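Peer 1:
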Amino acid sequence: MKPIVFHVEAAGEFRPVEFTFASESEVRRVRSWRKMTPATDAGEFAALAAKRWFYYTREGASVASLDELRAAIKRNERAELAFLMVASAEWAKRYKFLALAYCRRTWCHHLVLDFLAVRPRLQFAGKPISGIGSGVFANLADMADSLGMETMWGEATASSAPFYEKILRTRPIKDLFIIHRDTMRNVREYYLADQQSRLAKTTKSDHIS
Amino acid sequence: MDDLLEYERTHEIAFASPRALLEARMIEAMDKARRPHRRAHRNGVAHRRKAVAR
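Chains as they are written, first to last, in the numbering used here: chain V, 4 to 212; chain W, 138 to 191.
(1) Determine the contact status of V/GLY134 and V/GLU47, defining contact as a CB-CB distance below 9 Å.
(2) How big is the Cα-Cα spacing for W/ARG146 and V/VAL121?
(3) Looking at V/PHE9 and V/ALA141, is the spacing between their C-beta atoms short of 9 Å?
(4) Since V/GLU153 and V/ARG184 are thought to touch, with beta carbons under 8 Å apart, how far apart are those beta carbons, to the nearest angstrom?
(5) Can the beta-carbon of V/VAL89 be found less than 9 Å from the beta-carbon of V/VAL33?
(6) Tell me, to the nearest whole angstrom, how far the beta carbon of V/ARG107 is from that of V/LEU125; I am working on the premise that it is less than 8 Å.
(7) Under 9 Å between C-beta atoms, does W/ALA157 make it to chain V?
(8) Residue range of the beta strand (DSSP E) that V/LYS130 falls in?
(9) For V/LYS99 and chain W, any beta-carbon pair shorter than 9 Å?
(10) Helix, strand or coil for V/PHE24, going by three-state DSSP, please let me know.
(11) Could you have a look at V/MET39 and say whether DSSP puts it in helix, strand or coil?
(12) Does W/ARG146 get closer than 9 Å to chain V when you measure Cβ to Cβ?
(13) Along chain V, which residues have their Cβ under 8 Å away from the Cβ of W/ARG162?
(14) What three-state label does DSSP hand V/VAL8 in the structure shown?
(15) For W/ALA153, which residues in chain V fall below 9 Å Cβ to Cβ?
(16) Under the criterion of a Cβ to heavy atom distance below 8 Å, does V/SER68 qualify as lining the ligand SAM?
(17) Residues of chain W with CB under 8 Å from V/ASP197, in chain order?
(18) Touch check for the region 50-62 of chain V and the region 156-175 of chain W: three-plus C-beta pairs under 8 Å?
(19) Between which two residues does the beta strand (DSSP E) harbouring V/ARG108 extend?
(20) 9 Å is my cut-off, CB to CB: does V/PHE22 come that close to chain W?
(21) With a threshold of 7 Å on Cβ separation, who are the neighbours of V/TYR98 within its own chain once the five nearest residues in sequence on each side are excluded?
(22) Closer than 9 Å, CB to CB, is V/GLU192 near chain W or not?
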C-alpha cells in the first residue's frame with residue numbers, strides 16, 4: 004500500500020509526512036516515547052497504546068497493514084481489529100515518529116479513535132512543526148470513508164474537545180464525537196482544499212524568490 | 138484551518154479515550170504482575186537467605 008502523505012508547516016515550508024500502519028517493530032519503537040524527559044502525556048499514551056496493541060496482537064486481533072485489515076474483515080466481517088498508525092518524515096529523521104493514532108475497527112465496521120498523540124516539542128530548523136494532529140485526524144477520516152465505514156467516533160475529554168471542535172467545525176463537542184460519512188468527506192475536502200492552498204502559496208513564493 | 142494550526146502550535150496534542158486509557162493501564166498492570174521477580178536471580182546468583190542463628 005502506498006503510504007498516505009500529507010503536508011505540515013515546518014520552518015515556513017510545507018513538507019510531506021507519511022502516514023502508515025505500524026509494523027510490530029515500529030510499535031516497539033513507539034514505546035520509547037515514554038523515555039522522553041520531561042515526561043509527557045504523549046509519552047505515556049504512546050507506551051500504553053503500544054501495550055494495548057501487543058495485547059490485541061496476542062489475541063489475534065491486531066493488524067499491521069491495510070491488506071491485513073481487509074483480509075481479516077473478509078475472514079470475519081464482525082471482527083474487532085486494532086491498529087496503530089504512525090506519521091514519519093524523511094526530513095525529520097531525528098524523530099523516528101512524529102505522531103501516532105491507535106484505532107479500532109469495530110464489529111459493525113465503524114472506526115474508533117482511542118489514542119491520538121503528536122510527539123511533543125517537535126522542531127525543524129529551530130521552529131515548531133504544526134499541522135500534524137489535524138493531518139492525522141483528517142486522513143483517518145478519509146481512510147474510514149474509503150473503507151466504507153459509516154461512522155467514526157471517539158471519546159472526547161475536556162482537553163481534547165477543543166481540538167475536535169476545530170477540526171470538525173462543530174460546537175460543542177462533549178464527551179463523545181460521532182461523525183458520519185458526510186462529515187468525513189467534509190473534513191477531507193476542507194483539509195485538502197487548505198493543503199492545496201498552502202502548497203500553492205509555497206510554490207508561488209518559491210517562484211518569486 | 139489557521140485557528141486549528143495555531144491551536145496545534147500552542148497545545149500538546151495527546152488525547153486518549155478514558156475507557157481506552159483505563160484498559161491500557163489495566164493491561165500494563167497485568168503484564169507487570171505476570172513478570173517473574175528478577176531480583177532473586179540477578180547475575181545467575183541465587184537469592185541468599187539470611188542465616189538464622191540456632
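We put the CB at the ideal spot given by N, CA and C, even for glycine. Owing to the predicted nature of the structure, the values given are computational and were not obtained by experimental measurement.
Peer 2: This is what the structure gives:
(1) no
(2) 11 Å
(3) Yes.
(4) Confirmed, about 6 Å.
(5) V/VAL33 is positioned such that its CB atom lies closer than 9 Å to that of V/VAL89.
(6) Going by Cβ atoms, the distance from V/ARG107 to V/LEU125 rounds to 26 Å, so no, they are not a contact pair.
(7) For W/ALA157, the closest Cβ of chain V is nearer than 9 Å.
(8) 130-133
(9) no
(10) strand
(11) coil
(12) Answer yes: the Cβ-Cβ gap between W/ARG146 and chain V drops below 9 Å somewhere.
(13) LEU51
(14) strand
(15) Simply ASP44, GLU47, PHE48, LEU51, ALA52, TYR105, ASP117, PHE118, LEU119, ALA120, GLU158, THR160, SER163.
(16) The ligand content of the structure shown is nil, which means the ligand SAM is not present either.
(17) Those within 8 Å of V/ASP197 in chain W are MET138.
(18) The region 50-62 of chain V, when compared against the region 156-175 of chain W, does touch it at the 8 Å Cβ threshold.
(19) Note, V/ARG108: beta strand (DSSP E), 102-108.
(20) no
(21) ARG122, LEU125
(22) Not a single CB atom of chain W sits nearer than 9 Å to the CB of V/GLU192.
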